[in-house]
Every structure is written in structure tokens, then in C-alpha cells.
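J.: A single structure is presented below for examination.
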Amino acid sequence: MKKGIANSSSEYQKLFHDFAKITNVSNQDGFVLYENNQAGSIVSYGQPETIQCGIGDYVVDSDFSIEYHYGTRFLHFGIIYEGITYSLKNGELVAQSIPSSFMALEKMDKGVGVWRAGQRFKGVEFSINYDYLVDTLLPSINRQEKELDFIMVNTRYTMISQEIIDVLSKVEGYIKNRILTNALMQACAIELVELLLAPSSRMYFVTSKDRYIRVVKAGKRDIKISGEDINKLNKVRDIIVSSAYDFKTIPMLAGEVGISEQKLKYGFQDYFKQTVWDFQNNIRMSRAAFLIKENEMNFEEISKAVGYHSQTAFYNAFKKWCGLTPGDFKRHLSNHHEN
Numbered sequence: 002m003k004k005g006i007a008n009s010s011s012e013y014q015k016l017f018h019d020f021a022k023i024t025n026v027s028n029q030d031g032f033v034l035y036e037n038n039q040a041g042s043i044v045s046y047g048q049p050e051t052i053q054c055g056i057g058d059y060v061v062d063s064d065f066s067i068e069y070h071y072g073t074r075f076l077h078f079g080i081i082y083e084g085i086t087y088s089l090k091n092g093e094l095v096a097q098s099i100p101s102s103f104m105a106l107e108k109m110d111k112g113v114g115v116w117r118a119g120q121r122f123k124g125v126e127f128s129i130n131y132d133y134l135v136d137t138l139l140p141s142i143n144r145q146e147k148e149l150d151f152i153m154v155n156t157r158y159t160m161i162s163q164e165i166i167d168v169l170s171k172v173e174g175y176i177k178n179r180i181l182t183n184a185l186m187q188a189c190a191i192e193l194v195e196l197l198l199a200p201s202s203r204m205y206f207v208t209s210k211d212r213y214i215r216v217v218k219a220g221k222r223d224i225k226i227s228g229e230d231i232n233k234l235n236k237v238r239d240i241i242v243s244s245a246y247d248f249k250t251i252p253m254l255a256g257e258v259g260i261s262e263q264k265l266k267y268g269f270q271d272y273f274k275q276t277v278w279d280f281q282n283n284i285r286m287s288r289a290a291f292l293i294k295e296n297e298m299n300f301e302e303i304s305k306a307v308g309y310h311s312q313t314a315f316y317n318a319f320k321k322w323c324g325l326t327p328g329d330f331k332r333h334l335s336n337h338h339e340n
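With the numbering used here as the guide, the letters of the sequence shown map in order to residues 2 to 340.
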């Protein structure tokens, strides 16, 4: 595993791009494009000292970790469509970011971030430097720092309002179409902060079992999701992460945590931005990609190791996941390392 140490946010970004091999850089009208024809691309706009946002769609082909030592703080929003990153705590890997929408007030004191080979990462992120937020942004809208006291530092809130998600989707479109400007980015930052501080947003930080904090659609029906339901959805997520290769069905998972099948099916998709099946399969395929990279098992053994009794079904699922058959993926890794 490749390892690095970062003492600033800029060092962290450089190490990440180097390790992920997304190092071909071009700059046009403020948009910085990091790309690799084989790995994928990241497009960013802005500066980490003020506001920075970006979109990414790339695959990591080797394990790496970055240890960070700096006190920068960010108010961080995003939507992760695919990919799981990990942190190293007490010698064990712990899932740090998972497919979901999220908000966090992050203080990057020290820690270790870990990326695993074979995973595809796709998402949009929007970061506001905390000093800039307090010194410039909040005063411009007659807000005070103490109004953020309800947010726990270094806690990732994965249930946020639909209005915030809509702003992030709008930012994603601006970046894809290369129409973002500094003024537009600042306007989006103000909109995100105002939505976060709105009284209606506080319900998303309450975990009372009697408080409904979201309504999701199941066809023509409305399904109310409470704070207790959110806890159960998180338990389902943990069960899947720890036993994804058992092919647990929705009825089985619903029974394990005590939630209705409808709430699990529609609530999970709304909360984590993918179906229960896709979430399980992403974990299986990420594991399969890692085992292919390790080159210690044949494809039949790998298919069984990730829960597929049919090798053909495994081949089809893997190709659908990353666009390559297991054999093509193995040859791609071999050729890439030779070059």
C-alpha cells in the first residue's frame, strides 16, 4: 500500500491525485481538470482557502493511505453516488464515507484516510473554509457563528433536506456544463448556509423516534421516515457492509432490524441514493476487484468468495459494474503496472 503524509489541504490534494494517478492537469476559465484516460477524472472550481467545489468519476487501481496533520476546518456538503473511503482507527479500517448525501463540519486535526483498489468513486462536493465562513460569508447575510452550535464537529450527517440536495445537484450541473463563476459559487454557498440554518433543517438533526423527519414516495403513497427509522436504516447498512456476500433479501434485512419492508426499500434508496441491491453489489464487486488485484485466487474462487454460486452471473455483474469482464480487468491492471 502506498502511504503519504500531508501537512496542509493542498499537500493532501496533491498526494491524492498522485496516488490515484489522476495527474494530467488542465485549466480553463477557473475549472481545473484532473484526468487519466484509464482512471477517470475530477473537475474542481474555487480555492480551499475560501470555497471549493468539484465533481469526480474515477476508479482507484491500487490501495493507498494519506495521513494528515493540519487544523483546517471546512463546512462540507456532498452527494456520493458510488465508492466507500475508510479511516484507520486503532489499526482497523472503518468506513468513513459511504454512498449518500451528507453534511459535515470537519476539522482535519489528524488521522489516516484509506482508499481500496478497484473501487469506483462518483460524486459532487462543496466545501466552505470555516475561517472564510465565519469572517466573510456569515456577516454578509447577518448570521453569527453561534448559530452553527447545533452541528457536532467531525460528525457526518447523512440525512439532509431535499432543498440542500437540490442545490448540490444544481452545482453539479454548473460544473459539468462549465458555467460556474465565482459569483455563482458564492451564491450557492450562501443558499446552502441559509438552508442549513433554517428552522426546518433542525429536524434532520433530531433522532427522536416520534419525530418524522422525511417523507418518501412509494408510487402514489407517502411513507414517513422517523429518526428511529434512520437508525434502523443505518443498522441495515452496517449489516450489509459486514455480510454483503450472503445475499440478504429485503425481507431478511427488514426482519433483522425491525422495520417494514416498504420503509427499508424506499427509505434506503432515498437515504443512501441507491437500492439495497446496488449497495450490496457495489461492496461485492469492490471486494472482487481487490481479490483480482491480489492474484491469489482464480475467478471461480473469487465468484464464490463474493457470494456468487454462478460464475456466469458473477462475470455479468462485474462487467455491468465496471465495464470490463474480470479477465479484461485483470489484464488492464497488469498492463497498467507494466507501464
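For every residue, glycine included, the Cβ atom is placed at its ideal position computed from N, Cα and C.
Quick check: what's the CA-CA separation for residue 168 versus residue 290?
T.: Each residue's alpha carbon lies about 34 angstroms from the other.
J.: Thinking just about the alpha-carbon of each residue, which of 294, 314, 298 is nearest to the one in residue 331?
T.: Checked all of 294, 314, 298; the closest Cα to residue 331 is 294.
J.: Between the segment 113–124 and the segment 87–94, are three or more C-beta pairs nearer than 8 angstroms?
T.: Judged by Cβ distances under 8 angstroms, the segment 113–124 makes contact with the segment 87–94, as three or more pairs qualify.
J.: Quick one: residues in its chain with C-beta nearer than 7 angstroms to the C-beta of residue 83, no 5 flanking neighbours on either side, listed in chain order?
T.: Closer than 7 angstroms at Cβ, skipping near neighbours: 100, 121, 122, 123, 283.
J.: Take the Cβ of residue 212 as the centre, count every other Cβ of all protein chains shown within 10 Å, and call the residue buried at 16 or more, exposed below.
T.: Only weak support exists for where residue 212 lies, its pLDDT of 49 falling under 50; the coordinates are left without a value.
J.: Compute the Euclidean distance between the alpha carbons of residue 249 and residue 309, then round it to the nearest angstrom.
T.: Whole-angstrom Cα-Cα distance: 12 angstroms.
J.: Which residue wins for smallest C-alpha separation from residue 195, given the options 146, 35, 228, 239?
T.: Comparing Cα-Cα distances from residue 195 to each of 146, 35, 228, 239, the minimum goes to 146.
J.: Measuring CA to CA, which of 150, 54, 189, 177 is closest to residue 142?
T.: The shortest C-alpha separation from residue 142 is found at 189.
J.: Helix, strand or coil: how does DSSP classify residue 301 here?
T.: Residue state, collapsed to three classes: helix.
J.: How big is the Cα-Cα spacing for residue 328 and residue 4?
T.: Those two C-alpha atoms are separated by around 28 angstroms.
J.: So the candidates are 40, 285, 125, 161; which of them puts its Cα closest to the Cα of residue 62?
T.: When only C-alpha atoms are compared, the closest one is 40.
J.: Between the Cα of residue 111 and those of 2, 42, 73, 126, spot the shortest distance and give me the residue it belongs to.
T.: Here the closest residue by C-alpha is 73.
J.: What separation, rounded to the nearest whole angstrom, lies between the Cα atoms of residue 44 and residue 24?
T.: Cα to Cα, the separation comes out at about 12 angstroms.
J.: Pull up the CB-CB distance for residue 76 and residue 34, whole angstroms please, since I reckon it's below 8 angstroms.
T.: Not quite, the Cβ-Cβ distance comes to about 25 angstroms (not below 8 angstroms), so this is no contact.
J.: Apart from the five residues on each side of it in sequence, which residues of its chain come closer than 6 angstroms, Cβ to Cβ, to residue 192?
T.: The answer, listed in chain order, is 168.
J.: Please determine, among 260, 312, 242, the residue with the shortest C-alpha to C-alpha distance to residue 278.
T.: Ranking 260, 312, 242 by Cα distance to residue 278 puts 242 first.
J.: Report yes or no: do the segment 305–323 and the segment 147–154 share at least 3 C-beta pairs separated by less than 8 angstroms?
T.: No, they do not touch.
J.: Under 6 angstroms Cβ to Cβ from residue 157, same chain only, skipping five residues before and after it: list those, please.
T.: Cβ within range, chain order: 103, 105.
J.: Among the candidates 220, 239, 229, whose CA atom is the shortest distance from the CA of residue 267?
T.: It is 220.
J.: Using the C-alpha atoms, what's the distance from residue 52 back to residue 287?
T.: Roughly 32 angstroms between the two C-alpha positions.
J.: Can you tell me which of the three DSSP states residue 144 falls into?
T.: Residue 144 falls in the coil class under three-state DSSP.
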